[in-house]
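Novice: Here you go, one structure.
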Amino acid sequence: MEKEDLDPRLRRSQQAQMKGKAVLIRVDHNVVKKGRIKDPYRIDVSLKTLRAVMENGGYPILMTHIGRPRDKKTGQIECREGESVQPIVSYLENELRNKIVVPDFPIDPQWGITQLDDAMKSQIEDLKNGKMGMIYLPNIRWFQGEQGSGDERERFAGWLAGSGDLYVNDAFSAWRAHVSTYDITRHLPSYAGFQLQEELLNIHKVLDPKRPFVGVIGGAKYDTKIGPIQALLKRTDHVLLGGLIYNVYLAAKYGVDISGVAEEERIQARDLVHLDSEQQKIVELNGLVESETLEGKFEGRYRTVHVEGMKKGDSFNYLLDIDPQSLQMDRIVGIIRSAKTIFVNAVMGLTPPFFQGTQALYELIASNRDAMKLFAGGDTLQELRDLCPEIYEVGMEASDFYYFTGGGSVLTTLEQGNPYELKPIKALME
13 MEKEDLDPRL
23 RRSQQAQMKG
33 KAVLIRVDHN
43 VVKKGRIKDP
53 YRIDVSLKTL
63 RAVMENGGYP
73 ILMTHIGRPR
83 DKKTGQIECR
93 EGESVQPIVS
103 YLENELRNKI
113 VVPDFPIDPQ
123 WGITQLDDAM
133 KSQIEDLKNG
143 KMGMIYLPNI
153 RWFQGEQGSG
163 DERERFAGWL
173 AGSGDLYVND
183 AFSAWRAHVS
193 TYDITRHLPS
203 YAGFQLQEEL
213 LNIHKVLDPK
223 RPFVGVIGGA
233 KYDTKIGPIQ
243 ALLKRTDHVL
253 LGGLIYNVYL
263 AAKYGVDISG
273 VAEEERIQAR
283 DLVHLDSEQQ
293 KIVELNGLVE
303 SETLEGKFEG
313 RYRTVHVEGM
323 KKGDSFNYLL
333 DIDPQSLQMD
343 RIVGIIRSAK
353 TIFVNAVMGL
363 TPPFFQGTQA
373 LYELIASNRD
383 AMKLFAGGDT
393 LQELRDLCPE
403 IYEVGMEASD
413 FYYFTGGGSV
423 LTTLEQGNPY
433 ELKPIKALME
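According to my numbering, the sequence shown holds residues 13 to 442 in order.
Right, here's the structure in full:
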């Protein structure tokens with residue numbers, strides 16, 4: 013697809029006059045776990061925007077969230093060292109050969125960063141005077157107003173806007189309407205960064221795919237995937253399920269008990285079973301690896317069971333993987349290799365011990381050289397990178413692969429049918 017396929021109402025960063033201006037840039041560098049970078053992919057794909065801002069005379073002030081430090085019930089914020097931006101700063105300093113400063117704010121042990129003063133203004137002056145390459149704010153979710161409401165939210169939005177002259181959103185995966193993704197656009201001229209534009213172009217390959225179109229979806233929670241699964245059933249020619257989602261579907265369809273599947277989930281899945289009885293799009297993978305325990309894969313404590321043998325009232329232990337041999341069946345191979353578009357948001361088993369099904373699936377998908385292969389979701393990309401490193405590296409450069417930086421934003425778009433209806437993106441058009 014060409015650039016003109018973007019909605020013409022979308023304001024793009026290349027249209028902004030940045031020279032001499034402080035540019036607030038919302039990125040998604042949520043790649044840190046326990047103080048270490050898991051996979052730098054999200055950082056790497058943001059470099060084009062960061063470099064463009066500097067090359068056009070702008071002064072970057074970066075923002076990202078890391079983890080979920082805020083308690084939804086109490087509103088309290090725990091600022092853990094393992095969720096600081098420091099590992100990202102070190103990585104960027106090495107990549108960009110620039111000094112990056114993280115402003116120091118007092119942290120309340122219960123409420124995070126609540127004191128917003130003018131201390132950062134002197135650092136912005138230093139930034140403009142060339143004493144540093146950019147500023148990187150602390151984890152944006154450490155600030156009390158970012159996910160808050162009322163006066164504290166308005167106060168934070170006003171302070172944040174006062175720190176910059178322009179705003180660039182380059183975080184397609186951060187699709188919820190928080191201060192740093194949404195409210196800020198009411199205060200500053202706002203634009204879409206290069207990576208956000210790239211994601212919008214590629215999401216249309218899922219919404220308007222070349223056919224046959226195969227969707228693969230998995231996950232550890234069924235209730236969060238109900239809408240996306242139903243949307244996929246409407247849009248695809250075939251759907252493969254994995255993880256707990258597949259277990260819930262099987263429990264509902266065949267009336268069997270499976271460890272880890274709640275009765276409420278099984279009841280919820282009856283609608284899916286009914287929907288597919290009309291559409292006949294869900295492709296059942298016959299072999300499943302049953303384990304007595306979640307603690308690991310121990311000899312003598314796991315076996316292969318088959319969907320074709322399931323009878324109402326049967327009970328099963330944990331079904332923790334797809335048997336790789338199921339993916340060698342002629343029908344499955346034919347469906348995957350004849351596809352022209354394949355969308356993947358799935359880890360098929362409980363990794364790391366039960367990884368063979370996921371690995372076999374990714375290898376089968378990669379063997380289709382004619383299809384556009386789109387992968388979405390942090391866990392999905394992490395497993396592709398760990399289990400199939402050669403495929404992952406090839407996909408980074410190949411035109412028939414695309415890696416979305418986030419899964420939730422893609423799944424939400426599948427439900428809504430239009431990425432421009434996501435609030436942070438819609439705000440860049442109004």
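Think of the CB as a built atom: it goes at the ideal place given N, C-alpha and C, for glycine as much as any other residue. Computed from a prediction, not measured in an experiment: that's the story for all the values here.
Between the alpha carbons of residue 379 and residue 334, how many angstroms are there, rounded?
Specialist: 19 Å
Novice: Report the three-state DSSP secondary structure of residue 34 (helix, strand or coil).
Specialist: strand
Novice: Can you tell me whether DSSP reads residue 234 as helix, strand or coil?
Specialist: coil
Novice: Within 10 angstroms of its Cβ, does residue 246 collect 16 or more other Cβ (buried), or is it exposed?
Specialist: exposed
Novice: At what residues does the beta strand (DSSP E) containing residue 333 begin and finish?
Specialist: 330 to 334
Novice: As a quick exercise: from 112, 164, 296, pick the residue whose alpha carbon is nearest that of residue 140.
Specialist: 112
Novice: CA-CA distance, residue 15 and residue 205?
Specialist: Unreliable placement is indicated for residue 15, whose pLDDT of 42 sits below 50; the coordinate value is still reported in the next sentence. One C-alpha to the other measures close to 13 Å.
Novice: Classify residue 210 as buried or exposed, calling it buried when 16 or more other Cβ atoms lie within 10 Å of its own Cβ.
Specialist: buried
Novice: Ignoring anything shorter than 4 residues, give me the alpha helix (DSSP H) runs that lie fully in the segment 122 to 151, in order along the chain.
Specialist: Counting whole runs of 4 or more residues, the segment 122 to 151 contains the alpha helix (DSSP H) stretches 131 to 140.
Novice: For the beta strand (DSSP E) holding residue 432, just list the boundary residues, first then last.
Specialist: Careful: residue 432 lies outside any beta strand (DSSP E) and carries neither H nor E.
Novice: How is the beta strand (DSSP E) around residue 405 delimited, first residue to last?
Specialist: First-last for residue 405: 401 to 409, but that is the alpha helix (DSSP H), not the beta strand (DSSP E).
Novice: With a threshold of 16 other CB atoms inside 10 Å of the CB of residue 75, please say whether the residue is buried or exposed.
Specialist: buried
Novice: Mapping DSSP to helix, strand and coil, what is residue 191?
Specialist: Looking at residue 191 - three-state DSSP - the assignment turns out to be coil, as it is neither helix nor strand.
Novice: Which partner residues does residue 385 have in the DSSP bridge list?
Specialist: 354, 413
Novice: Does DSSP put residue 301 in a helix, a strand or coil?
Specialist: strand
Novice: Let's test the definition: count the other Cβ atoms within 10 Å of the Cβ of residue 236 and tell me whether it reaches 16, buried, or not, exposed.
Specialist: exposed
Novice: Is the distance from the Cβ of residue 224 to the Cβ of residue 34 below 9 Å?
Specialist: no
Novice: Does the beta-carbon distance from residue 327 to residue 269 come in below 9 Å?
Specialist: yes
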